[in-house]
Amino acid sequence: MNIRALEYLIAFAQEGSFTKAAVRMRVSQPTLSTQIKKLEETLDVELIERTPGKQILTPAGREVVYYAKRIQADMSRIRQAARRSED
């Protein structure tokens, strides 16, 4: 599991589509989709329900997004602490 895949999942959750999330993250749509698929394989759970013309987070996906946002906030605090320690 990597932080970037979690960031892609958060972007998907906020944007509601792979295409919009990819634009936001400045990557190709296949790259974003592949990384989220690898995250699903790593966690052994479906995070996004994919149907023709529609993709939505599963309950597990919503829970993972919740914790991914917490990880993202913690990473921000880690960066801030590291910068403060340099002063």
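Numbering-wise, the working numbering puts 112 at position 51 of the sequence shown, and it's gapless, one number per residue.
Here a beta-carbon is modelled for each residue, glycine too, at the ideal position from N, C-alpha and C.
Identify which residue in Q96, G114, K98 and R131 has its Cα closest to the Cα of S46.
-> For the chain, the structure presents residues 62 to 148; residue 46 sits outside this window and is missing.
Environment of Q96 [buried if 16+ CB atoms lie within 10 Å] = The residue given as residue 96 occupies position 35 in the sequence shown. It counts as buried.
Entirely enclosed alpha helix (DSSP H) segments - the stretch 70 to 126, minimum 4 residues | 79 to 86 and 90 to 104
Beta-carbon contacts of T92 that lie in its chain and below 6 Å, excluding the five residues immediately before and after | As a position in the sequence shown, residue 92 is number 31, starting the count at 1. So the list is empty, once near-sequence residues are dropped.
Is M136 helix, strand or coil when you go by DSSP?
-> To locate residue 136, count along the sequence shown from 1; it is residue 75. In the structure shown, M136 sits in a helix (DSSP, three-state: H, G or I).
By Cβ distance below 8 Å, which residues in the same chain neighbour E101 in space, the five residues on each side in sequence not counted?
-> One-based indexing of the sequence shown puts residue 101 at position 40. Correct list, in chain order: E107, L108 and I109.
Grab me the residues of V126's own chain with a C-beta within less than 7 Å of its C-beta, minus the 5 sequence neighbours each way, in chain order.
-> The residue you call residue 126 lines up with position 65 of the sequence shown. Hits under 7 Å: L70, I71, A74 and L118.
For S94, does the count of other Cβ atoms within 10 angstroms reach 16, so buried, or fall short, so exposed?
-> For the purposes of this step, residue 94 is taken as the residue at position 33 of the sequence shown. Result: buried.
Expressed to the nearest angstrom, what Euclidean distance is found between the alpha-carbon atoms of V84 and E147?
-> In the sequence shown, counting from the first residue as 1, residue 84 sits at position 23. In the sequence shown, counting from the first residue as 1, residue 147 sits at position 86. Going from the Cα of V84 to the Cα of E147 covers about 34 Å.
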